[in-house]
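Numbering (the working numbering), first residue to last: 3 to 223. Just so you know, even glycine gets a beta-carbon here, dropped at the ideal spot from N, CA and C. This one's a predicted model, so the numbers in the text were calculated from it and none came from an experiment. See below for the structure under consideration.
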């Protein structure tokens, strides 16, 4: 019923704007728009996340230094762009890495496991400066949040609140392995998952939105 009323109101406004002119026409349009603005809510919500989930296959990566090693150190790499505007109030990141037997392998190979199995994540500002980076060489799960560029681990020295507008980049490079053994307990498959959300104000009009749907404020300019 609400959607039908909204449609009729919009049609009426269009007809009135055609039939009316000058200040009278503007006044009528303004009155119709005010009727549409009953109650509305503005919530800060995380936008659909960007990122990757990857499981390494058995022959995807080869051991560095072997006869078959013609790969770069990072046999998996990816990058995605996040558009940030002045309405973004927070960035949140989840990272999960699973390296089976990482502790045991580290004992035998020393500290060189970052050349064999690793996941490195970097978040770059629009000026290509690294806001945050993390190198995982063992099983780990972590969460990070930033309320502005001042929360970045490296800054340019400016005390500016919020985030710089432009294209931020989330980058990943990784190397992992998988092995299907005759005995299941000896099988393993390295994997990782990383997700990044940006939190933005979102407007919800009861007459046109069904909860939890809403329209980002930045899309209403």
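Short Cβ contact (9 Å threshold) for residue i with residue j
| i | j | result |
| --- | --- | --- |
| residue 169 | residue 85 | yes |
| residue 93 | residue 173 | no |
| residue 207 | residue 42 | yes |
| residue 151 | residue 133 | yes |
| residue 203 | residue 91 | yes |
| residue 138 | residue 120 | yes |
| residue 142 | residue 99 | yes |
Close Cβ partners of residue i (< 6 Å) along its chain, the five nearest in sequence each way excluded
| i | result |
| --- | --- |
| residue 199 | 48, 51 and 94 |
| residue 135 | 124 |
| residue 191 | 57 and 180 |
| residue 222 | none |
| residue 148 | 93 |
Range covered by the beta strand (DSSP E) that runs through residue i
| i | result |
| --- | --- |
| residue 120 | 120 to 126 |
| residue 222 | Segment: none, residue 222 is in no beta strand (DSSP E) and carries neither H nor E. |
| residue 80 | 78 to 86 |
| residue 211 | Counting along the chain, residue 211 falls outside any beta strand (DSSP E), and DSSP gives it neither H nor E. |
| residue 143 | 142 to 148 |
| residue 97 | 92 to 100 |
Selection from the options that minimises the alpha carbon distance to residue i
| i | options | result |
| --- | --- | --- |
| residue 176 | 185, 165 and 193 | 193 |
| residue 80 | 215, 54, 44 and 63 | 54 |
| residue 118 | 129, 127 and 101 | 101 |
| residue 2 | 201, 182, 83 and 209 | The chain is shown from 3 up to 223; residue 2 falls before or after that span and cannot be answered. |
| residue 167 | 220, 88 and 44 | 88 |
According to DSSP, residues forming a beta bridge with residue i
| i | result |
| --- | --- |
| residue 129 | Residue 129 pairs with nothing; no bridge assigned. |
| residue 48 | 201 |
| residue 179 | Residue 179 is not bridged to any residue. |
| residue 167 | DSSP lists no partner for residue 167. |
Contacting residues, own chain, Cβ-Cβ under 7 Å from residue i (five flanking each side not counted)
| i | result |
| --- | --- |
| residue 214 | none |
| residue 76 | 175, 176 and 177 |
Contacting residues, own chain, Cβ-Cβ under 8 Å from residue i (five flanking each side not counted)
| i | result |
| --- | --- |
| residue 46 | 91, 92, 201, 202, 203 and 204 |
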